[in-house]
Amino acid sequence: MLAPCYANKVPGKFPSSNSLQRVMEPTECFTVLSRIVVAFGNDGEDKILEEYRHNLDLLSACLSLSNSNAGFRREISQSQSTWVMLNQIFSFYLKNSEARVPQDDIWQYKIRTVRGISLLARSMITACTADDAYVQPYVESAHRSISSITRVSLAKLDDASLSNNTRGLYMRLISSSLQFLTNLMNTKLGNEYHGTIDYKLAQELLRRIFFVKESNNATLDLQVVENALYLINSLVDNEEFSFTLMDDQETFVLFLSAMLTSFQELSPNAALEIEANKDQDLNPIELLIISICSKIITKPKFVTWIDTMDPFDGDMPNYLKLFQTLIVNRESWSSEQLIVLITWLTKLFDRLNVDNNSVLTTSLNKLLVSTLDSIASICQYEEIRQYISEYHYFVKFLDLLKMLSIKVPRKALKDSASTIQFPNAKSIIIEILTFLVHRDFKVQEAMRNLQGIEVILNNCNIDENEPFIKERSILCIKYLLENNQANQDFVAKLEAKKVTDDNVLSEAGYEVNIVDGKVKLKPPQPRPNPNE
874 MLAPCYANKV
884 PGKFPSSNSL
894 QRVMEPTECF
904 TVLSRIVVAF
914 GNDGEDKILE
924 EYRHNLDLLS
934 ACLSLSNSNA
944 GFRREISQSQ
954 STWVMLNQIF
964 SFYLKNSEAR
974 VPQDDIWQYK
984 IRTVRGISLL
994 ARSMITACTA
1004 DDAYVQPYVE
1014 SAHRSISSIT
1024 RVSLAKLDDA
1034 SLSNNTRGLY
1044 MRLISSSLQF
1054 LTNLMNTKLG
1064 NEYHGTIDYK
1074 LAQELLRRIF
1084 FVKESNNATL
1094 DLQVVENALY
1104 LINSLVDNEE
1114 FSFTLMDDQE
1124 TFVLFLSAML
1134 TSFQELSPNA
1144 ALEIEANKDQ
1154 DLNPIELLII
1164 SICSKIITKP
1174 KFVTWIDTMD
1184 PFDGDMPNYL
1194 KLFQTLIVNR
1204 ESWSSEQLIV
1214 LITWLTKLFD
1224 RLNVDNNSVL
1234 TTSLNKLLVS
1244 TLDSIASICQ
1254 YEEIRQYISE
1264 YHYFVKFLDL
1274 LKMLSIKVPR
1284 KALKDSASTI
1294 QFPNAKSIII
1304 EILTFLVHRD
1314 FKVQEAMRNL
1324 QGIEVILNNC
1334 NIDENEPFIK
1344 ERSILCIKYL
1354 LENNQANQDF
1364 VAKLEAKKVT
1374 DDNVLSEAGY
1384 EVNIVDGKVK
1394 LKPPQPRPNP
1404 NE
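Using the numbering used here, the first residue of the sequence shown is number 874, and each one after it goes up by one.
Here is the structure:
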């Protein structure tokens, strides 16, 4: 879905001719390309404009057949002559791209023709296989040329004198070029993954997506942005590219800014829709941003990068909020991805350094909630729970909950007019602890020995600072008592001293009984199976 093959998709069809309805042979396609090569080399002839119009009709028929007929596409893609002629056309175009007046009629036909040639190359590259190593030099030449054409076309957009028609032609040329580059990134030729990329072009695309306005720079339309994101989505699969990107601090910040801008401005409803778990309603741009960022934040190099960053600096809180939204709403991760995620999330938690001396500011709350919520969302995985226990983050989370329970007093309903203080942090920590104690006797025991049960019980109340803390605390108590007699006895003693609320135990599924003068908890009885 997010690494498309563009072979059968022709945005903006070329002019067709009734005389071209019959099936074209591959040799006729070679003839069409030869005609275009000649036309590009004979600008001075009077009849050249009519020649371009006719060649465009012929090229349209060739392109249509290549998109729809796999056999035809395979045959022309195997021909070295085809690639040679494509590269000749690209070379002619680039040679005159700076000198030619953009509004010139012939030049506009050249733009349309080169777009058609790039669409043909886009189609052909999908037919290449590992057995076609002999065409690799020609494909690499086309790659360099189309990268150059994309850069030149992007620069043309900065010309304020361009007519809307000419600007539209350049936009469509950029789109077709990006589609070729995306298909190329997903093609194997010979024994090598054909992943060589133009890093400067990637930088320029990121800058454009970020809408940096310098000397009247024109922004890209949504179709170009979408195609650029498809390319970037394929690029981040390339280990060399992603490593270089994250090693280049300036460009990586630009990359994150471009993703954030796209998320906030090009898809204003994305956050709402994602948080409502309506992925099926997301548009392609939103899905691409999710895919790209999910790949980046699960690469080992990302751990190194985030460890060098000040979480309070610049747009870092916004980046982390974006990552939180993605992590919370993704349904599955590989074991390798999970380890990367929990490694940088716990490092980030340590960097926040929240302790008794911390000033509980709004900015700290936002960062802490983003970090904790991301951790909570992946605690369902055994690998994460083991990591948290092994590296003693269970104790750190419990200590933080104790501190917040003291420094952020519960806000009663009658105090609703007062300001919300440091919201959501305590309830998310309790959610994490609930995952950890569930059917884990060792952690259940540790919670009792570290006075964790009392802290959870003290949060089994309505708190306007924490809308769901009572429900989460009751669930945590339920799992703390499950199959743990020592914890049940401990809570029973607290009940005897009236330290706990009977309703809390009842909601957790336990009954309070007096047996031989001692308070005992009666575990919930299993419900009868109605099918038996």
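All residues carry an ideal CB built from backbone N, CA and C; glycine is no exception.
Can you tell me whether Arg1045 is buried or exposed? The criterion is at least 16 other CB atoms within 10 Å of its CB, across all chains shown.
Buried, since its Cβ has 16 or more Cβ neighbours within 10 Å.
Nearest-angstrom Cα distance between Gln1076 and Ser1021?
The alpha-carbon of Gln1076 is positioned some 14 Å away from that of Ser1021.
Please tell me whether Thr999 and Asn1056 are closer than 8 Å, where the distance is taken between their beta carbons.
Yes, they are a contact pair.
Near Lys1194, which residues of its chain fall below 6 Å by C-beta distance, leaving aside the five closest residues on each side in sequence?
Ser1243.
Can you list, in chain order, the residues of its chain with a C-beta nearer than 6 Å to that of Trp1178? Leave out the 5 residues immediately preceding and following it.
Met1119, listed in sequence order.
With 16 other Cβ atoms within 10 Å as the buried cut-off, status of Phe1341:
Around the beta carbon of Phe1341, a 10 Å sphere encloses fewer than 16 other beta carbons of the protein chains shown; the residue is thus reported as exposed.
Distance, Leu1030 Cα to Arg1040 Cα
Straight-line Cα distance between these residues: approximately 6 Å.
Using the beta-carbon count (16 or more within 10 Å), is Asn1226 buried or exposed?
Classification of Asn1226: exposed, given that the 10 Å Cβ count is below 16.
Using 10 angstroms around the beta-carbon of Pro1010, count the other beta-carbons present and answer buried if the total reaches 16, otherwise exposed.
With fewer than 16 neighbouring CB atoms inside 10 Å of its own CB, Pro1010 falls in the exposed class.
Short of 7 Å in beta carbon distance, which residues of its chain neighbour Glu948, apart from the five on each side in sequence? Order them along the chain.
Take Glu948, set aside five residues on each side of it, and the residues of its chain with a beta-carbon closer than 7 Å to its own are Pro899, in chain order.
Give the single residue among Asn1297, Leu1274, Ser1278 and Phe1295 whose Cα lies nearest to the Cα of Leu1306.
Closest by alpha carbon: Leu1274.
Along the chain, where does the alpha helix (DSSP H) containing Gly1325 start, and where does it finish?
Run containing Gly1325: Gly1325 to Asn1331, per the alpha helix (DSSP H) assignment.
In the DSSP assignment, find the alpha helix (DSSP H) that holds Asn969 and state where it starts and stops.
First-last of the alpha helix (DSSP H) with Asn969: Gln953 to Asn969.
Express the C-alpha separation of Glu1013 and Phe1116 in angstroms, rounding to a whole number.
Going by the C-alpha atoms only, they are around 22 Å apart.
Just confirm the distance between the C-beta atoms of Tyr1103 and Leu1027, as a whole number of angstroms; I'd bet it's less than 8 Å.
Their Cβ separation, rounded to whole angstroms, is 16 Å, which puts Tyr1103 and Leu1027 out of contact at 8 Å.
With a threshold of 8 Å on Cβ separation, who are the neighbours of Lys1073 within its own chain once the five nearest residues in sequence on each side are excluded?
So the qualifying residues of the chain are Arg1024.
Name the DSSP beta bridge partners of Glu948, please?
DSSP lists no partner for Glu948.
Does the segment 1157–1173 come into contact with the segment 1186–1205, if we say contact requires no fewer than three beta-carbon pairs (one atom in each stretch) closer than 8 Å?
Verdict: yes, contact present.
Would you check if the distance between the CB atom of Val1310 and the CB atom of Cys1252 is smaller than 8 Å?
No, Cβ-Cβ distance for Val1310 and Cys1252 is not below 8 Å.
Val1176 beta carbon less than 8 Å from that of Val1213
With contacts defined as CB atoms closer than 8 Å, Val1213 and Val1176 qualify as a contacting pair.
Taking 7 Å as the limit between beta carbons, can you name the residues of its chain near Asn1360, skipping five residues before and five after?
Closer than 7 Å at Cβ, skipping near neighbours: Gln1317, Arg1321, Ile1326, Leu1353 and Leu1354.
Looking at Leu1051: is its Cβ nearer than 8 Å to the Cβ of Asn1106?
In this structure, the beta-carbon distance from Leu1051 to Asn1106 does not fall below 8 Å.
Write down the C-beta distance between Leu1277 and Asn1191 rounded to the nearest angstrom, noting that I regard them as a contact closer than 8 Å.
About 24 Å separates the Cβ atoms of Leu1277 and Asn1191, ruling out a contact at the 8 Å cut-off.
Under the three-state DSSP convention, the category Asp1313 falls into
Asp1313 falls in the coil class under three-state DSSP.
Asn1156 to Val1097 span [Cα, whole Å]:
Using only the alpha carbons, I get a separation of about 15 Å.
Same chain, Cβ closer than 6 Å to Tyr1254, five either side skipped, listed in chain order:
For Tyr1254, where only same-chain residues beyond five positions count, the Cβ hits under 6 Å are Leu1211.
CB of Ile1293 within 8 Å of CB of Asp1246, strictly
For Ile1293 and Asp1246, no; Cβs fall outside 8 Å.
Using only CA atoms, which one of Ser996, Glu971, Arg995 and Met1058 lies nearest to Asp1032?
Out of Ser996, Glu971, Arg995 and Met1058, Glu971 has the C-alpha closest to the C-alpha of Asp1032.
Alpha carbon of Phe1185 to alpha carbon of Asn1297, nearest angstrom
Rounded to the nearest angstrom, the two C-alpha atoms are 19 Å apart.
With H, G and I counted as helix, E and B as strand and the rest as coil, what does DSSP make of Asp1336?
Asp1336: strand per DSSP, three-state reduction.
Using the DSSP secondary-structure output, state which residues sit across from Lys1172 in a beta bridge.
Paired residue(s): none; Lys1172 is not in a bridge.
So the candidates are Val1126, Leu1062, Trp1206 and Glu1113; which of them puts its Cα closest to the Cα of Ile1082?
Answer by Cα proximity: Val1126.
Bridge partner(s) assigned by DSSP for Leu1078
Leu1078 has no beta-bridge partner at all, per DSSP.
Residue range of the unbroken alpha helix (DSSP H) whose run includes Cys902
Per DSSP, the unbroken alpha helix (DSSP H) holding Cys902 starts and ends at Pro899 to Phe913.
Given this structure, state the Cα-to-Cα distance separating Thr955 from Phe903, to the nearest angstrom.
When rounded, the distance between both Cα atoms is 6 Å.
Helix, strand or coil: how does DSSP classify Leu1093 here?
The answer is coil: DSSP assigns Leu1093 none of H, G, I, E or B.
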